[in-house]
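Protein chains in written order, with my numbering: chain A, 20 to 1084; chain B, 1459 to 1813.
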Amino acid sequence: MPRRADIRRVLIIGSGPIVIGQACEFDYSGTQACKALMAEGLEVILVNSNPATIMTDPEIATRVYVEPLKVDFLEKIIAKERPDAVIPTLGGQTALNLALDLHKHGILEKYKVALLGATPEVIRAAEDREIFRGILDKIGAKYPKSHMVRTYEQGQQVADDLGFPLILRPNYTLGGGGGGIAYTPEAYNNMLVSALHESPTSEVLVEESILGWKEYELEVMRDAAGTFVVVCTIENLDPCGVHTGDSITVAPQQTLSDREYQAMRDEAYKIINEVGLATGGANIQFATHPETGERVVIEMNPRVSRSSALASKATGFPIAKIAALLAIGYRLDEIRNDITKSTPSCYEPALDYVVTKIPRFAFEKFPGSKDTLNTQMKSVGEVMGIGRTLQESLMKALGSMEKSDQGVPEVTLSIDKVSYPNSQRIYHLFQAFRDGKTISEVQQLTQINPWFLEQISSLVDFENKFKTEFSPQNRELLLSAKRMGFSDARLAALVGKSEIEIRDLRNLHDLHPYYQQVDTCAGEFESSTPYFYSSYWFNKSVESKIVDPVVVIGSGPNRIGQGIEFDYSCVRGVKAFQKMGHPVIMVNSNPETVSTDYDTSDILFFEPLTVEALTELMRYAKPVGFVTQLGGQTPINLAPKLQKAGFKVLGSSLETIELAEDRGLFSKICRELDLKIPNSAMAANAQEALNQEHNVGYPMILRPSYVLGGRRMEVVENREELQSYFDRHREFISSERPCLIDQFLVGALEVDVDLVRGKDWTVIGGIVEHIEAAGVHSGDSMGVLPPQRLRESTCERIELLSIQLAERLNVIGHLNLQLAIKEDMIYVLEANPRSSRSVPFIAKATGIPLIDLGVAAVCGVPKTQLKLENLHWRNTPVVSVKGVVFPFKKFPEADSILGPEMKSTGESMGRGNDYAEALMKAFISTNVHLPQGGEVFFSLRDKDKENLVGLARVLIKMGYSISATAGTAGFFNQKGVPCLALKKVDEGRPHCVDRIRSKHVSLVINTTASRRAIEASFDIRRACTDYSIPCLTESDAAEAFVLALRKARTGQSDVQPLNATEVFI
Amino acid sequence: MSKAFLVLETGEVYSGKWNCGIDRAGEVVFNTSHSGYEEIATDPSYFSQIVVMTAPMQGNYGADESCWESNRLWIEGFVALQIQDSARDRAWLKRLSDHQIPMVTELDTRDLVLRLRSGGTPWGALVQAQDVVQAQKKATGLIAEKKKLDKDWVYLTSRKQKEVRRGNFLGGPRVAVLDFGAKENILRELQRFCSELIIYPSRAGSSEVLSGNPDFVMLTNGPGDPADVQVAPETIREMIGKKPIFGICMGHQILSLALGAKTYKLKFGHRGANHPIKDDLLGQIYVTSQNHGYAVDPKTLPKDVHVTQTNLNDGTVAGFYNESQRYLGIQYHPEACPGPHEALNLFKFFIEKVL
């Protein structure tokens, strides 16, 4: 059946800010779907509150709304746009839940909007575990024994019935939020409380444990005619007990016989039909008993997912695109396979290679949090490696982690790192074999399928063979090593050589990888799709038909500090290069991204972002040069070695990069230009730091060299804390890697500036004023454009200074500056010679296409050939506020206090006619509840008491009651603010935390000074995190929050699509 | 040390690692299934073929004779990038070795498959040799020898004696099976629906088959070129209209020959578990298991025969049906094993709607 004629305008709902469990894979699916529907001639209306996404680029859809993903805002958009239909299956659980809400509120009916892809019944059937189990019963599928628990008491009975360990799965949460494994009654009771709280319906499925079973996922599609295909099978290396998002997974499945697999496939087919999924993609998770082969169904998701993004990248089958086309009425046999261009889409991809996905974690960002994995997802990103064999793909994936050039470096074996699932387990598995453990020993400890363990242990065996048999003449041995996926750096370490020596040896023996296509059909049909990967198993490469390409290096796995915003830069950059007539090669290792969609660039290389891999592929592709500015810090770090290997950096030169990155050189330039910089010093140990104490002055900010996202960066208030800092971070500080010490500008305002400098022009993208004062990492600070507290003249001075610096550094392309303003003096904090986290936000806030300009600059386009006249960021009529999302709920031991180390996973954008409206939307978009009444609890450091007494008065006027710890309460009462005094935790019970946990408090304002005060108030913030009570840890943020509260009470707010500006003539 | 070579009749030589078996020759074909190595190797339709698996590693999940599709291995050689060979499990390699089937790994199977795709599936040989020259010499001899084989491969793989099997459904029909190199799962499926199976050698005559008075006739899969099959086309021609007939794969092709149609060799055949079929009889599009090197030319089919199944990859005939004469030919493998099960319903369709 062809496309439905009654659907001309479609609303697509995105997934909002990046959170653990729902990340940029939904940008990939949504963008792909938008492109497909636009190509069909449909009008696509997109809504997403996340400005860092590609999908919110004004070029992706007909109209883009960056608005909160909440029913009332959606209704406004629907009323304005009157779409014929909404597709809710592309924006993760957020979009599905929102669609259910729209349905429940009768909004879809009111505006006659069809729901495509999944009906409310299907959404409920898949998400409501009781309904789902009914369906499984009907088709005779098994599932782990379980009970739905709605109360604490009921939970006790269920635990008695099922026995320990138990798995808790709250209903309607994403990434297994609030769930986990309980081994003891004590742990179970605690987890039950929070799980009940996490589920929007206060329902928790308590399930018998299937720990140690083999875990699988089937990515399936179905069309309206009932045609069913399994796009991809995925097998988890980590057995049941670890969330699949946190597991190392491989595709296709490796250890099921055809009979076992077909039985699983049959069951998937039945489930899809019984659930009633009419069209689209779904994933179904199964577990099988390692000995008996008994199979149970774990869950299904009737939408595109993280796994479907992985499956698309693994197979070349564009699930989201096809799902969108199916939703508007097409059938699978009517949609051509993009890759072969000759066969239809109603087939199952055949793979002649293996892919491995490895998650990347951020436990180190959350001191105190335990690095253990369970059914609640904790990873923040992932990589994928493609190889001809499991070993080659696993090793390529490990190489893509950007943890070590060696891929599988030696570690000090710790047996509990083998037996308890954790983020480092794969490295300890290798080490266990190196240290002589046998496969059966490791299997006992891990319950990992021995087939996988054999793959790892034989890699280790080969390491030994390589050590003993290595000789420069032994080409065969070197070839075997490369076929197994060992990096030059690892081989070098094994035989005590340098990476360069091994590389030269490879060159001598003419040992290079070859490049072939991911073609969906294992070579059965011809395909022209330029989706390439390397392998040392190939005899030859596909011929590259592209002449003089530009290589854009991506940003690798998402991590805190480097995420989707750089994928935005890469993708928009690729398009800009193409607009200017340059073919583009995209290289990246992150399967969640839009940049690794095969139709983003002219050629996609799915490869590790290592010097070795990039050198080889550039040797093959012969580009004119490579771009370092778009993929964040990763390509910047690679640039020197790649240039040394003979390839050309495009845009800002290595010298520029070094001037900006090297603190010594950069300080010199600032002094030369008469720009203020904070006092600074370097120290290799505590003694050296103490010697510098007076040159810098307290408070000071300390961090080790070479860090990303403010790792181990702390504000130190006194000598005692200084000493403590060196004690705790000793292993990261040395004379080669000294600790950087800076004067901390208390109370200063911070700003981000992004500009682009071309051949004979410079464009300022904008100035983002941070809402929190200096001391909070720029990634964690809320921000506003245009600035609300800076004078016009200060903004002008900032612009002048920025241009001056760009010129002195001789930037060609992007420059991001971080500045602090105190007492109207501007201090330069740092310069990044690349696109930055703030670029997509600024581009969307102002409509200035910064990335296009950056590419024009790199290409040397003069101002006469660009439309630069109307690019004045300060003319922007809309106020935009950046909101920030944190993952504290996932890390029960972590503190939610903000500081110089970045901890946020994602951001939102609120756009309004004034600051208050923009603030309100930004808070709503980050799921911060704006309480309409109730008690506001204050616990303040001394210097904030005077500042915030006014705020307390305002809150009382608005009808809130006030409580505070004794000191603050005394102060408030003295100032005539009625305030209830509560005990601190160490003053006995009932104390303030009891009051918060018993839900008497609806807002907390908690500012602290010293490290000791921070520790003492931890429980306050933790209680807020656990109970989703807004907790503000900075006085500026508190004031902004109250502004938003007031706006929210007016109930007045509007929605506006984004504007775009074209700079190319 | 001698090395492993795959030598194609057309001159190309691929080298790899020898794992087991003896030098052998056969038609070199590739299969894109992810799983099912055992079913494939024991399927008589792979008689005289060297099978190249595109999935990189074979033998991963061991061996299990209960899924064999006949009582022996029929392939002449097995090629993949890797084979499971560890102390814990080398069961599949051992089976290959026990049956003296050459198994070659560490050969760029993708390169080979692209060659087979573009140039068709030639004869070839897997040999151990010191060098290319020696390999070519050995291969030429083996291929020449292999070509001397009787061309009626169906006869070579078929039972030589009639066999009677009891079905599992007492009230079900009795079926006469013409064994062209039958996969066990066709027989297993028939046993589910029938009360008795009388299985005849491929060259049984129509009078012999009809004398058993079956309720219908099953024509099985089998190897080789249908045009070289002796006797069976006449046997079938004499039964058309008299008994309902269900042909699968080779059975389908010989049925078409009996109807006066022609078959032709596909460039590289269809071998895998992911081929989409549009089935007008079941009113469904589904993914199927396939293994055939020849196809029926639709232009040569009689006018009253409707092409009811089409391969959506290349539009070739995947099945035909004649309601009044009650015969059904299916080119692919509704009995699966290996591969997806959706087409299993064709057995049910035939038994319930055609009979």
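We treat Cβ as the ideally placed atom computed from N, Cα and C, and that holds for glycine.
Residue i - partner residues in DSSP beta bridges
| i | result |
| --- | --- |
| PHE1581 (chain B) | Note that residue 1581 (chain B) corresponds to Trp in the displayed sequence, not to Phe. In DSSP, TRP1581 (chain B) forms a bridge with B:GLU1485. |
| HIS1010 (chain A) | A:LYS1002 |
C-beta atoms of residue i and residue j nearer than 9 angstroms
| i | j | result |
| --- | --- | --- |
| GLY785 (chain A) | TRP892 (chain A) | yes |
| THR1615 (chain B) | TRP1526 (chain B) | no |
| ILE26 (chain A) | LEU65 (chain A) | no |
| PRO1734 (chain B) | LEU1770 (chain B) | yes |
| LEU530 (chain A) | ARG578 (chain A) | no |
| ALA935 (chain A) | LYS1066 (chain A) | yes |
| VAL1597 (chain B) | THR1567 (chain B) | At residue 1597 (chain B) the sequence reads Ala, which differs from the Val that was named. Their beta carbons are not under 9 angstroms apart, which means ALA1597 (chain B) does not touch THR1567 (chain B) by this criterion. |
| MET1515 (chain B) | LEU409 (chain A) | yes |
| ALA1583 (chain B) | GLY1484 (chain B) | yes |
| LEU370 (chain A) | ALA118 (chain A) | no |
| VAL1509 (chain B) | VAL1487 (chain B) | yes |
| ALA137 (chain A) | ARG325 (chain A) | no |
| GLU86 (chain A) | LYS940 (chain A) | yes |
| ALA328 (chain A) | ALA339 (chain A) | yes |
| PRO189 (chain A) | LEU215 (chain A) | yes |
| ALA1662 (chain B) | GLN281 (chain A) | no |
Per-residue contacts from residue i into chain A (C-beta, under 9 angstroms)
| i | result |
| --- | --- |
| GLN1649 (chain B) | Residues of chain A passing the Cβ test: none, with the nearest at roughly 17 angstroms. |
Pairwise C-alpha distance: residue j and residue i
| i | j | result |
| --- | --- | --- |
| VAL715 (chain A) | ILE840 (chain A) | 18 angstroms |
| PRO386 (chain A) | VAL1571 (chain B) | 53 angstroms |
| GLU1696 (chain B) | LEU1668 (chain B) | 10 angstroms |
| GLY1517 (chain B) | THR1678 (chain B) | 28 angstroms |
| GLY575 (chain A) | LEU417 (chain A) | 12 angstroms |
| ALA708 (chain A) | ALA702 (chain A) | 5 angstroms |
| PHE452 (chain A) | ILE405 (chain A) | 24 angstroms |
Within chain B, the residues that residue i reaches when beta carbons sit closer than 7 angstroms
| i | result |
| --- | --- |
| GLY245 (chain A) | GLN1742 |
| GLY542 (chain A) | THR1512, ARG1568, VAL1571, LEU1572 and ARG1575 |
| ASP285 (chain A) | HIS1799 |
| TYR280 (chain A) | SER1493 |
| TYR372 (chain A) | PRO1514 |
Chain B residues whose Cβ lies nearer than 9 angstroms to that of residue i
| i | result |
| --- | --- |
| TRP470 (chain A) | ASN1518, TYR1519, GLN1542, SER1544, ARG1546 and ASP1547 |
| ALA369 (chain A) | THR1490, SER1491, HIS1492, THR1512, ALA1513, GLY1730, ALA1731 and ASN1732 |
| GLN463 (chain A) | None at all; the shortest Cβ gap to chain B is about 14 angstroms. |
| PRO718 (chain A) | Neighbours of PRO718 (chain A) on chain B: none; closest Cβ ~58 angstroms, over 9 angstroms. |
7 angstroms Cβ cut-off: residues of chain A touching residue i
| i | result |
| --- | --- |
| HIS1557 (chain B) | Here the premise fails: no neighbours, minimum Cβ distance about 19 angstroms. |
| ASP1522 (chain B) | SER276 |
| LYS1736 (chain B) | ASP352 |
| VAL1745 (chain B) | VAL248, TYR366 and GLU367 |
Any non-hydrogen atom of the ligand ADP within 8 angstroms of residue i CB
| i | result |
| --- | --- |
| VAL643 (chain A) | Ligands in the displayed structure: none, and consequently the ligand ADP is not present. |
Within chain B, the residues that residue i reaches when beta carbons sit closer than 8 angstroms
| i | result |
| --- | --- |
| PHE557 (chain A) | ASP1566, ARG1568 and ASP1569 |
| GLU460 (chain A) | Ordered by position in chain B, no residue passes the 8 angstroms Cβ test against GLU460 (chain A), which lies about 13 angstroms from the chain. |
| LEU938 (chain A) | Per Cβ cutoff of 8 angstroms: no residues; LEU938 (chain A) is ~53 angstroms from chain B at best. |
| GLN535 (chain A) | ARG1568 |
Could you tell me which whole beta strand (DSSP E) segments of length 3 or greater appear in the segment 1619-1672 of chain B?
Within the segment 1619-1672 of chain B, the complete beta strand (DSSP E) runs of at least 3 residues are 1621-1624, 1632-1636 and 1654-1658.
Give, in chain order, every unbroken run of the beta strand (DSSP E) that is at least 3 residues long and sits entirely within the segment 1579-1616 of chain B.
Counting whole runs of 3 or more residues, the segment 1579-1616 of chain B contains the beta strand (DSSP E) stretches 1581-1587.
What are the start and end residues of each continuous alpha helix (DSSP H) run of 4 or more residues lying completely inside the segment 1663-1733 of chain B, in chain order?
Whole alpha helix (DSSP H) segments, 4+ residues: 1664-1669, 1690-1695 and 1708-1716.
Segments of 4+ residues assigned as alpha helix (DSSP H) that fall wholly inside the segment 893-976 of chain A
Those alpha helix (DSSP H) runs which fall completely within the segment 893-976 of chain A and span 4+ residues are 934-944 and 961-976.
Ordered list of beta strand (DSSP E) runs contained in the segment 578-631 of chain A, each at least 3 residues:
If we require 3 residues or more, the beta strand (DSSP E) runs fully inside the segment 578-631 of chain A come out as 603-607 and 622-625.
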